[in-house]
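Note sheet for the following structure.
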Amino acid sequence: MPAAPLKAIDTKRIHTYKKILDELDRLDKTLPESSLYRLAPFNSAYIVVTTAIQKTARDGQFANPKFVEKFTVCFSGYYFRVINDYLAGRELPVAWANLLSQKPDKQLPNFIYLLMGANAHINHDLSLTMLKMLDNGDTDALFKDILKVDKLLVGCGNDILRTFTETQKVARFIKDRTKYIYLPIVMHVILYWRIRAWKDYLRLKNSGPSPDRAQIKGRATSIRLWRLGSLLQR
Numbered sequence: 497m498p499a500a501p502l503k504a505i506d507t508k509r510i511h512t513y514k515k516i517l518d519e520l521d522r523l524d525k526t527l528p529e530s531s532l533y534r535l536a537p538f539n540s541a542y543i544v545v546t547t548a549i550q551k552t553a554r555d556g557q558f559a560n561p562k563f564v565e566k567f568t569v570c571f572s573g574y575y576f577r578v579i580n581d582y583l584a585g586r587e588l589p590v591a592w593a594n595l596l597s598q599k600p601d602k603q604l605p606n607f608i609y610l611l612m613g614a615n616a617h618i619n620h621d622l623s624l625t626m627l628k629m630l631d632n633g634d635t636d637a638l639f640k641d642i643l644k645v646d647k648l649l650v651g652c653g654n655d656i657l658r659t660f661t662e663t664q665k666v667a668r669f670i671k672d673r674t675k676y677i678y679l680p681i682v683m684h685v686i687l688y689w690r691i692r693a694w695k696d697y698l699r700l701k702n703s704g705p706s707p708d709r710a711q712i713k714g715r716a717t718s719i720r721l722w723r724l725g726s727l728l729q730r
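Going by our numbering, the sequence shown opens with residue 497, and the numbers climb by one from there.
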């Protein structure tokens, strides 16, 4: 049976963990056979991380679980709107465009697609989410919960690896035989991006949001990842 076609996402209906996960699960079934197939590894990883955040909230490990849920919803909205903008033919932020629009005939390793999605979502979207959500004086207490999410994400590495396979020889060797070397490096790179997003938020808070800065954010990283993926394409 052919996969259901992609359709625009009604982001106004997404206001809980369950709604986020429902949409991610739907995308997980449709992305691999769609023109947005490059998002599939990132989308599957998104399910793992969001599920872990939801479980941590249910276990009472966040100081302000309602804030974490609202933050997670706001952050996910950027991802869902990128899909909507792509389907509508609208211009995408540069880091997302580098993942979705370059050389459609070239198939890169799935872990490169995963990292390019993480780069675009974190380096472009996260500081903007902080700017929207951290709008009161008690940001230190809220930031502690964000740091808990950061640590949680790093701990999801092995579960994320299980969500995808590699068909290309070099990428499969890296994933299957050297994961104990490259996985900690990859997860801490993602953690570094998230820490850098906090610094970017502080700059945006003082100077105001800059469309140009938001467009440029993550651009160089996405280009380097694409080049790395091209070298591993064998």
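Even glycine gets a Cβ: it sits at the ideal position worked out from N, Cα and C.
Predicted, not measured: the structure shown is a model, and the values here were computed from it.
Please classify residue i: does DSSP put it in a helix, a strand, or coil?
i: D506; result: coil
i: G653; result: helix
i: E519; result: helix
i: M497; result: No answer about M497 holds up, because its pLDDT of 37 lies below 50 and its placement is not dependable.
i: F669; result: helix
i: F639; result: helix
i: Q511; result: One point to set straight first is that residue 511 is His, not Gln, in the sequence displayed. Looking at H511 - three-state DSSP - the assignment turns out to be coil, as it is neither helix nor strand.
i: L588; result: coil
May I ask which residues mark the beginning and end of the alpha helix (DSSP H) holding residue i?
i: R699; result: 675-703
i: Y575; result: 561-584
i: S597; result: Counting along the chain, S597 falls outside any alpha helix (DSSP H), and DSSP gives it neither H nor E.
i: T717; result: 715-727
i: T625; result: 623-629
i: N606; result: 606-615
Tell me the rounded alpha-carbon separation between residue i and residue j.
i: V682; j: R692; result: 15 Å
i: G651; j: Y513; result: 19 Å
i: V544; j: L595; result: 21 Å
i: P498; j: K628; result: Summary for P498: the model assigns pLDDT 47, below 50, so the residue's position carries little reliability, and this model does not support an answer.
i: D581; j: E587; result: 7 Å
i: G573; j: I670; result: 32 Å
i: K566; j: N539; result: 19 Å
i: L520; j: H620; result: 20 Å
So residue i and residue j are supposed to be a Cβ contact under 8 Å. How far apart are they, rounded?
i: A559; j: D641; result: 6 Å
i: T568; j: I516; result: 7 Å
i: Q557; j: K644; result: 7 Å
i: N606; j: W689; result: That belief does not hold up - the Cβ atoms of N606 and W689 are roughly 19 Å apart, past 8 Å.
i: I608; j: I686; result: Not really, about 14 Å apart at Cβ, beyond 8 Å.
i: T625; j: R577; result: Going by Cβ atoms, the distance from T625 to R577 rounds to 12 Å, so no, they are not a contact pair.
*Which runs of the alpha helix (DSSP H) spanning at least 4 residues fall entirely within the segment 521-566, listed in chain order?*
Every alpha helix (DSSP H) stretch that sits fully inside the segment 521-566 and reaches 4 residues is listed by chain position as 536-554.
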